[in-house]
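Data block below; observations after.
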Amino acid sequence: MMAAFILVCSVIFLLQFFISYCRSLIAASVREPLSQEVQEVTGLTRAATEEEFARVVQLLQLCPERPEERGEISLIRTYFRMLGVIRSTIAKIVPSLERWASAERGQCTHFVAVVLGRRIAFSRNLFAQQISG
Amino acid sequence: MPGLFGYVVWLLGALLEAAVVVCAIKRKALRPYLFLNFYMAASFLVTLGRYYMFAHFGLASSQYVYFYFYTDALLTIILYFALTSLFSRVFSEMGAEQYVKLGAVLLLGGTAVFSYAVVQQSSTKLVTHFVFEMSQNLYFVGVVLTYVLWVAVLKLRETRTRLIQLVLSLGVYFSLLTASYALGNLFHGFESFSQILTPLVGCFLPAAWSYAFWRIPEEARLATARLAVIR
Chain A
0 MMAAFILVCS
10 VIFLLQFFIS
20 YCRSLIAASV
30 REPLSQEVQE
40 VTGLTRAATE
50 EEFARVVQLL
60 QLCPERPEER
70 GEISLIRTYF
80 RMLGVIRSTI
90 AKIVPSLERW
100 ASAERGQCTH
110 FVAVVLGRRI
120 AFSRNLFAQQ
130 ISG
Chain B
0 MPGLFGYVVW
10 LLGALLEAAV
20 VVCAIKRKAL
30 RPYLFLNFYM
40 AASFLVTLGR
50 YYMFAHFGLA
60 SSQYVYFYFY
70 TDALLTIILY
80 FALTSLFSRV
90 FSEMGAEQYV
100 KLGAVLLLGG
110 TAVFSYAVVQ
120 QSSTKLVTHF
130 VFEMSQNLYF
140 VGVVLTYVLW
150 VAVLKLRETR
160 TRLIQLVLSL
170 GVYFSLLTAS
180 YALGNLFHGF
190 ESFSQILTPL
200 VGCFLPAAWS
210 YAFWRIPEEA
220 RLATARLAVI
230 R
């Protein structure tokens with residue numbers, strides 16, 4: 000009985016901490032506008048939507064990886080999937096959650112697009128260094 | 000034998016623990032977050048010690064098992080004080096640090112007494128069982144305290160991004176471990192899965208703290224209202 004109570008409490012706390020942690024990672028990128036180049040490559044001219052997430056991730060995988068970004072991308076992908084589960088389960092009972100989950104997933108897409116912009120800039124610098132070297 | 004996966008996670012954990020202290024030194028965050036870094040340095044040394052015990056006595060030996068559980072309890076107590084230091088930072092402007100320290104010691108004493116009361120009649124290996132019980136109870140106390148700290152961060156409109164990320168990652172770590180222990184107690188078949196899960200969870204905290212020290216400057220600010228799941 001006690002273990003069940005502890006399990007329920009810790010899962011509730013875990014969800015809250017995990018969502019807030021992911022949002023703290025995304026928060027800095029939300030204010031960052033997408034560069035012209037990223038907009039052209041991804042076709043994201045207006046606010047990013049959840050439907051574009053998979054495509055932007057695919058584009059991201061085409062660029063050379065920066066080691067320091069590996070962890071945050073995996074975490075945001077997990078968060079995106081978790082929001083999908085919330086949308087297809089709990090949101091059926093609480094409709095306001097559906098709008099929230101969609102908006103959050105859109106911000107995940109924006110975050111990945113911002114990282115894509117950084118990777119493009121990183122690759123360009125690398126290429127420039129190789130040419131000049 | 001822990002297998003290739005076990006060795007990789009073990010090595011990864013040790014490297015990440017050392018990375019936290021290195022990142023903190025490089026970013027001049029060693030002194031401001033002294034307890035957090037002390038915990039990571041202690042974790043690194045304990046990981047080395049556990050490997051030594053494993054290599055000399057084996058995974059199933061009583062030496063390894065005793066060393067594992069006693070160091071686990073010790074690390075949990077150090078982490079508990081690291082959490083208290085985060086409380087002190089959040090409440091520093093209110094001048095409530097003394098109350099925080101007193102409260103932390105009282106709560107730790109209370110948890111120890113409660114754990115002793117639970118095990119004293121049910122176990123022949125009293126000290127070992129007590130150490131194990133106290134670790135589990137402290138994890139749960141840690142989750143609750145981290146949540147209280149998070150609520151305080153939201154209410155006080157704390158904006159320091161690095162501090163926020165340190166608190167949140169600690170919350171994720173504590174709740175994952177508590178959930179894992181609770182599942183182990185509820186379903187005994189879960190214990191074998193827990194043996195894989197626990198070291199992986201152990202890698203999350205140093206990874207998140209390394210990230211916070213390395214990538215987030217001390218001056219970075221964040222509106223906490225954006226982060227709250229429930230307001």
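Chains as they are written, first to last, in numbering that gives the first Met the number 0: chain A, 0 to 132; chain B, 0 to 230. Here a beta-carbon is modelled for each residue, glycine too, at the ideal position from N, C-alpha and C.
Check your understanding: Name the chain B residues whose beta carbon is nearer than 7 Å to that of residue 78/A?
Key -> Within the first sequence, the letter at position 79 stands for residue 78/A. Under the 7 Å cutoff, chain B gives no residues; its nearest Cβ is about 12 Å from residue 78/A.
Review point. Taking buried to mean at least 16 other C-beta atoms within 10 Å of its own C-beta, is residue 77/A buried or exposed?
Key: Taking the first residue of the first sequence as 1, we reach residue 77/A at position 78. Classification of residue 77/A: exposed, given that the 10 Å Cβ count is below 16.
Exercise for review: Could you please tell me which residues of the stretch 1-12 of chain A, in chain order, have their CB closer than 8 Å to any CB of chain B?
Suggested key: 2, 3, 5, 6, 8, 9, 10 and 12
Check your understanding: What do you reckon, are the CB atoms on residue 158/B and residue 223/B nearer than 8 Å?
Key -> On the second sequence, position 159 is the one that residue 158/B refers to. On the second sequence, position 224 is the one that residue 223/B refers to. Yes, they are a contact pair.
Exercise for review: Round the Cβ separation of residue 20/A and residue 142/B to the nearest angstrom and send it over; I've been treating them as touching at under 8 Å.
Suggested key: Numbered from its first residue, the first sequence carries residue 20/A at position 21. Numbered from its first residue, the second sequence carries residue 142/B at position 143. That belief does not hold up - the Cβ atoms of residue 20/A and residue 142/B are roughly 14 Å apart, past 8 Å.
Review point. Starting from residue 69/A and walking both ways along the alpha helix (DSSP H), at which residues does that stretch end?
Key: Sequence index remark: in the first sequence, residue 69/A carries index 70 (1-based). Here the alpha helix (DSSP H) through residue 69/A covers 69-87.
Review point. Which two residues bound the contiguous alpha helix (DSSP H) that contains residue 191/B?
Key: Counting from one through the second sequence, the residue named residue 191/B turns up at place 192. That run of the alpha helix (DSSP H) goes 189-214.
**Study point:** Beta-carbon proximity of residue 138/B to residue 75/B, cut-off 8 Å
**Key:** If you number the second sequence from 1, residue 138/B lands on position 139. If you number the second sequence from 1, residue 75/B lands on position 76. A contact, by the Cβ cut-off of 8 Å.
Point to revise | Alpha carbon of residue 186/B to alpha carbon of residue 92/B, nearest angstrom | key: Translated into positions along the second sequence, residue 186/B becomes position 187. Translated into positions along the second sequence, residue 92/B becomes position 93. Using only the alpha carbons, I get a separation of about 45 Å.
Check your understanding: Residues of chain A with CB under 9 Å from residue 237/B, in chain order?
Key -> In the structure as shown, chain B starts at 0 and stops at 230, and residue 237/B therefore has no counterpart that could be examined.
Point to revise | Identity of the residue in 5/B, 81/B and 35/B nearest residue 53/B by Cα | key: The residue given as residue 53/B occupies position 54 in the second sequence. Minimum Cα distance to residue 53/B is reached at 5/B.
Check your understanding: In whole angstroms, what separates the C-alpha of residue 32/A from that of residue 84/A?
Key -> Looking up residue 32/A in the first sequence gives position 33. Looking up residue 84/A in the first sequence gives position 85. Between residue 32/A and residue 84/A, the C-alpha separation is close to 29 Å.
Review point. Taking the runs of the alpha helix (DSSP H) that are 4 residues or longer, which of them lie wholly in the stretch 100-186 of chain B?
Key: 125-154 and 160-185
Practice item. Answer with buried or exposed for residue 109/A, where buried requires no fewer than 16 other C-beta atoms within 10 angstroms of its C-beta. Key: The residue given as residue 109/A occupies position 110 in the first sequence. So residue 109/A ends up on the buried side.
Review point. Below 8 Å, can you find three or more Cβ-Cβ pairs linking the stretch 86-96 of chain A to the stretch 1-16 of chain A?
Key: Segment contact: the stretch 86-96 of chain A against the stretch 1-16 of chain A, fewer than three CB-CB distances shorter than 8 Å; contact not assigned.
**Study point:** residue 115/A versus residue 11/A: straight-line alpha-carbon distance, rounded
**Key:** If you number the first sequence from 1, residue 115/A lands on position 116. If you number the first sequence from 1, residue 11/A lands on position 12. The alpha-carbon atoms of residue 115/A and residue 11/A are separated by roughly 33 Å.
Point to revise | Within 7 Å of chain B by C-beta, residues of the stretch 17-38 of chain A in sequence order | key: If the cut-off is 7 Å between Cβ atoms, the stretch 17-38 of chain A has 17, 18, 19, 20, 22, 23 and 26 near chain B.
Practice item. Give the DSSP-derived three-state secondary structure of residue 65/A in the structure shown. Key: Mapped onto the first sequence, residue 65/A falls at position 66. Here residue 65/A sits in coil by DSSP.
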